[in-house]
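Notes to accompany the following structure.
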Amino acid sequence: MRIHELAKELGVSSRGLMERMKQLGMEAGSHMHSLSEEEVRRLREMMADAAGPSGGKDETEPPSPAAPSTAQPSAEEKTAPGTRHVVMHGPIVVRELAERLGLKPNQLIAELMKMNVFAAINQRLDIKVAQQVARRHGVFLEYEKKAPEPRPRPARRVAEEEGEQDRPEDLEPRPPVVTFLGHVDHGKTSLLDRIRNTRVASREAGGITQHIGAYTVEVGDRKITFLDTPGHAAFTAMRARGANVTDIAVLVIAADDGVMPQTEEAIQHARAAGVTMMAAINKIDLKNADADRVKKQLQTLGLTPEDWGGELICCPVSAATGEGIDHLLEMILLQAEIMELKANPRRRAEGYVLEAKLEPGMGPVATLLVKRGTLKVGDALVCGEAWGKVKALTDDRGVKVRRVGPSTPVLCLGLTAVPQAGAFFKVVPDDRIAREIAGERQAEKRQAQLEVRRRVTLDELLRQTAPSQKQRLLLVVKADVRGTLEAVEKVLGDLKSEKVDLEIILSGVGNVTENDVQLAAASRAAVVGFHVGVQGKASKLARQEGVEIRLYDVIYEL
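Just so you know, we're using our numbering here: the sequence shown kicks off at 342 and counts up by one.
Structure representation (structure tokens):
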């Protein structure tokens, strides 16, 4: 049993139960931590003792001879005059709670919004929130948890399969996955363009790479997969995700500028991810290029070049003339041989979501990088809280394929929702299991969101705001893809001001909708969009409600 499951059974928050565990000297890493039978027994006894003669009484209720017992509900309990007693079982859903309270669903939803709880008609509610609403309507709400089902959850079965190790005889060599990291304008995209003989940089707004791209390059009879992560400092989160799925990180450093702050940051990300590093000293065709100065700077950071007696392979290159490109590719393949990169192609595929977005006329699409196994058309898969059945696979050249193996990036169609960029994906036996696993994760996320929203209510925020204090600016943030969204959130989170505190109350992928404007109007927030448009009705509603919408194409403008 996990901490959050026991907390729900005992009617307390996961955080509260973790505090009790610390008092007993138990380990409590997170709400997903598994408990032993002995730990569950001790915690139940402790909570039973705490709910003794003084437990279970609400401060807002008048004194009564005995506190209501949650363990043994009775119809003869003494409650305040005129108070109805209602017992509910299983998940408490907005629609069902409204029926039991004699309200219309939209009335209950409006009341929840005043409590800073945003729930749809079929969404589950936290027990304490439901009890608080019930008390306002003169109802004492008792919650009885259904007995847990004995069969294991699908997610647990899949987790057990993930722990299986591949047999050595099933492993085959796979292409290396390479990421270009470095400072802005040091030539990462131009260098990759030279390798692929394309011109990607000229098509990007402001000449800066906005999203992660994945490309497979053939070098003789071998292949290399490149991930092109943006170099702007605002895209730190995207770059870190690229390093976490890569085998070799190539540090692109301009020979004229040398090592810059973002170069040092890239080195930290690569070290944290435990990947092998190489250095591509770019722009050696310039008159003021100084490769030796770059090597000295790298040595001061603990990266000694190979020709100076260290282990870091340094390759002088020029994206403009193509000088040194072949040598760089040879060194990448040589490093891959030393690392002995292998994977089992004869198993269900798993890997990571590199990028995801909502494509008009196509629905949710995701760029997946297969790490193990073979991904095929018709496979059922789960990506974080999203799931689906693969309808089509398209490689980096736009060619439709039936299957892809390890270390191969591919565009996947068939998901039911836009998955989180960087999420782990796995093929499961059938779409029923995929749907159940995604449903579990969605329910857990909703529960966590309810708990967070309940800690800081709108009324509390208004009470905290005073003329002498900072002004609070609430924002609704929308972006075209997940990677951009994460980058914008990072930029806004890093902004510091003595007069204003920024808080993002909602973020999502896609155009600005009526729901976004309604939430902004109710919360007195502004809407910020990046690489998105505004739906016609949403624009009209924004004018009516006085909601400000600002749209941007380049992150510098923020």
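Glycine included, every Cβ here is placed at the ideal spot set by N, Cα and C.
Remember, it's a predicted structure, so these values are computed and weren't measured experimentally.
| Check | Outcome |
| --- | --- |
| Distance, Arg-713 Cα to Asp-772 Cα | 20 Å |
| Lys-698 in three-state terms, based on DSSP | strand |
| Beta-ladder partner(s) of Leu-882, from DSSP | In DSSP, Leu-882 forms no bridge with anything. |
| Close Cβ partners of Thr-587 (< 8 Å) along its chain, the five nearest in sequence each way excluded | Val-518, Val-519, Thr-520, Leu-568, Ala-614, Val-616 |
| Segment contact flag, the region 716–730 with the region 843–853, C-beta cutoff 8 Å, min 3 pairs | no |
| DSSP-derived helix/strand/coil call for Val-353 | coil |
| Beta-carbon proximity of Ala-660 to Leu-522, cut-off 9 Å | no |
| Opposing strand residues paired with Phe-481 [DSSP bridges] | His-426 |
| Alpha-carbon to alpha-carbon, Lys-469 and Val-381 | 22 Å |
| Segment contact flag, the region 692–701 with the region 756–769, C-beta cutoff 8 Å, min 3 pairs | yes |
| Proximity to Leu-815 [Cα-Cα], best of Thr-645, Leu-860, Thr-530, Glu-678 | Leu-860 |
| N- and C-terminal bounds of the beta strand (DSSP E) containing Val-586 | Note, Val-586: premise wrong, no beta strand (DSSP E); not H, not E. |
| According to DSSP, residues forming a beta bridge with Gln-848 | Here residue 848 is Ser; the residue named in the question, Gln, does not match the sequence. According to DSSP, which records beta bridges pairwise, Ser-848 is partnered with Val-818. |
| In DSSP terms, what Leu-716 is bridged to | Val-745 |
| Own chain partners of Arg-383 with C-beta closer than 7 Å, once the 5 adjacent residues on each side are dropped | Leu-365 |
| Rounded C-alpha distance that separates Glu-346 from Trp-649 | 57 Å |
| Assigned secondary structure, Arg-465 (DSSP; H/G/I helix, E/B strand, else coil) | strand |
| Straight-line Cα distance separating Pro-432 from Arg-787 | 12 Å |
| Whether Ala-590 touches Ala-607 by CB criterion (9 Å) | yes |
| Paired residues, beta bridge with Gly-729 - DSSP | Leu-722, Leu-756 |
| Lys-624 to Gly-561 span [Cα, whole Å] | 26 Å |
| Inter-residue spacing [alpha-carbon to alpha-carbon] between Met-429 and Val-832 | 45 Å |
| Inter-residue CB distance, Ala-460 and Leu-453 (contact presumed, cutoff 8 Å) | 5 Å |
| Closest by C-alpha distance to His-527, when choosing among Arg-508, Arg-515, Asp-597, Asn-463 | Asp-597 |
| Cβ neighbours of Arg-515 in the same chain (closer than 7 Å, five flanking residues each side left out) | Leu-682, Lys-683, Ala-684, Pro-747, Ser-748 |
| Length at least 4, wholly inside the region 592–652: the alpha helix (DSSP H) runs in chain order | 602–614, 632–641 |
| Cα-Cα separation between Asp-857 and Val-474, rounded to whole angstroms | 25 Å |
| Per-residue burial, Ala-883 [other beta carbons within 10 Å of its own, 16 or more giving buried] | buried |
| Three-state secondary structure (DSSP) of Thr-530 | helix |
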